[in-house]
Amino acid sequence: MTKILFVEDEPRGVNAYFKALERNDFQCILAQDGDEAITKLQTEKFDLLSLDIMFSPGKKFMREVEPRLAGLFLLELIRMGKIKNCDPDLKVIVLTAVANKPVEEKIKKLGVLEYLKKPIDFNRVIETFKNARIS
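Heads up, the sequence shown is in our numbering, so the first residue is 55 and it goes up one at a time.
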């Protein structure tokens with residue numbers, strides 16, 4: 055079973071993805087802010103990370119971070135190996151409504167499998183996750 059951490063502050067936005075992915079042998083876990091994401095990354099092993107760009111950073115680990123850049127900051131921490139027990143090469147798919155070219159370019163340079171902009175075709179998202187499992 056492939057285990058995915060979704061970092062998303064709007065759970066309703068991912069519920070349908072969870073149902074479809076769980077029918078395809080994925081285990082989906084939700085983190086609604088930066089603190090929760092970091093705690094889960096430190097304590098659980100994930101095969102894949104679905105990352106929104108704009109979410110609450112939380113009050114513990116990422117309190118100085120602007121919400122509109124929280125996803126970028128979290129990805130930088132992962133890639134630099136600054137999150138204990140988290141693989142710096144963790145596969146990442148960005149799933150966001152943020153349309154900011156400079157941020158998108160920075161994120162792509164940090165190495166993500168896909169940068170998907172919402173709204174997006176539901177089936178394309180599911181196929182992207184299935185393909186990520188194979189890669």
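Here a beta-carbon is modelled for each residue, glycine too, at the ideal position from N, C-alpha and C. Just so you know, these numbers come straight off a predicted model, no measurement behind them.
- Taking 4 residues as the shortest admissible run, the region 57-115 contains the following complete alpha helix (DSSP H) segments, listed from N- to C-terminal end: 69-76 and 88-97.
- Under the criterion of beta carbons closer than 8 Å, Ser104 and Ile137 do not qualify as touching, at roughly 16 Å.
- A straight line joining the alpha-carbon of Phe127 with that of Leu170 spans about 18 Å.
- Burial is judged here by how many other beta carbons sit within 10 angstroms of a residue's own beta carbon; Glu120 has fewer than 16 and is exposed.
- For the set Ile188, Leu149, Leu164 and Asn154, the Cα lying nearest the Cα of Asp175 is the one of Leu149.
- A distance of 9 Å or more separates the beta carbons of Asp63 and Met116.
- Listed in chain order, the alpha helix (DSSP H) runs fully inside the region 125-173 are 155-163, counting runs of at least 4 residues.
- Restricting attention to Lys184, Asn185 and Asn177, the CA atom closest to the CA of Ala70 is found in Asn177.
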